[in-house]
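Participant: Numbering (the working numbering), first residue to last: 51 to 205. Heads up, the beta-carbon is just placed ideally off N, CA and C, and yes, glycines get one too.
1) So the alpha helix (DSSP H) residue 183 belongs to, where does it begin and stop?
2) When you compare only the Cα positions, how much space is there between residue 130 and residue 198?
3) Once the 5 residues before and after residue 185 are set aside, which same chain residues still bring their CB inside 6 angstroms of it?
4) Report back the beta-carbon spacing between residue 104 and residue 196 to the nearest angstrom; my notes put them in contact at under 8 angstroms.
5) What residue ranges within the region 88–148 form continuous alpha helix (DSSP H) runs of no fewer than 4 residues, ordered along the chain?
6) What number of angstroms, rounded off, separates the C-alpha of residue 112 from the C-alpha of residue 188?
7) Considering just the uninterrupted stretch of the alpha helix (DSSP H) at residue 190, what are its terminal residues?
8) Which value, in whole angstroms, describes the spacing of the CA atoms of residue 121 and residue 102?
9) Out of 176, 191, 159, 177, which one is the CA nearest neighbour of residue 169?
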């Protein structure tokens, strides 16, 4: 089948008809590159900025990981253990929270069904998303008494 017999290409002139395959190839490659970029970017952890006006975090990598695992354990499965969340976050500064956030990374969570979502409705989400979806507004306000700018930080 000649390209000129394709209705959309037959009437547009010979230059477009002659270059139709390269044009379609460029469009296809661009589409695949865009989808690939979006897929890879989806797994990036948004940067949570530290507060330069406060002292640097004193948490080690091991301590930050242990706290992030305590938070995950308090939120995964059915129900949320709010007391465990308060306990894990108490005594942390804003900059300590950033370290815990980075250590938590992204974990599977369904915005539709909560943390017991299935793989079809789940996606990987960071700690701020987990906390804001698992806690009520009043519980977040309680946490903000411990860490004043918690969940008000820019991502």
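Facilitator: Quick look at the numbers:
1) The residue given as residue 183 occupies position 133 in the chain shown. Looking at the DSSP string, the run of the alpha helix (DSSP H) that includes residue 183 is 177–184.
2) Position 80 of the chain shown holds residue 130. Position 148 of the chain shown holds residue 198. In a straight line, the C-alpha of residue 130 is about 22 angstroms away from that of residue 198.
3) To locate residue 185, count along the chain shown from 1; it is residue 135. Excluding residues within five positions, none has a Cβ falling inside 6 angstroms.
4) The residue given as residue 104 occupies position 54 in the chain shown. The residue given as residue 196 occupies position 146 in the chain shown. Not really, about 14 angstroms apart at Cβ, beyond 8 angstroms.
5) 111–125, 132–139, all fully within the region 88–148.
6) Position 62 of the chain shown, counted from the start, is the residue given in the question as residue 112. Position 138 of the chain shown, counted from the start, is the residue given in the question as residue 188. Residue 112 and residue 188: Cα-Cα distance of roughly 31 angstroms.
7) For the purposes of this step, residue 190 is taken as the residue at position 140 of the chain shown. 187–196 is the span of the alpha helix (DSSP H), which, as asked, contains residue 190.
8) Numbered from 1 along the chain shown, position 71 holds the residue referred to as residue 121. Numbered from 1 along the chain shown, position 52 holds the residue referred to as residue 102. For residue 121 and residue 102, the distance between alpha carbons rounds to 25 angstroms.
9) Here residue 169 refers to the residue found at position 119 of the chain shown. Out of 176, 191, 159, 177, 159 has the C-alpha closest to the C-alpha of residue 169.
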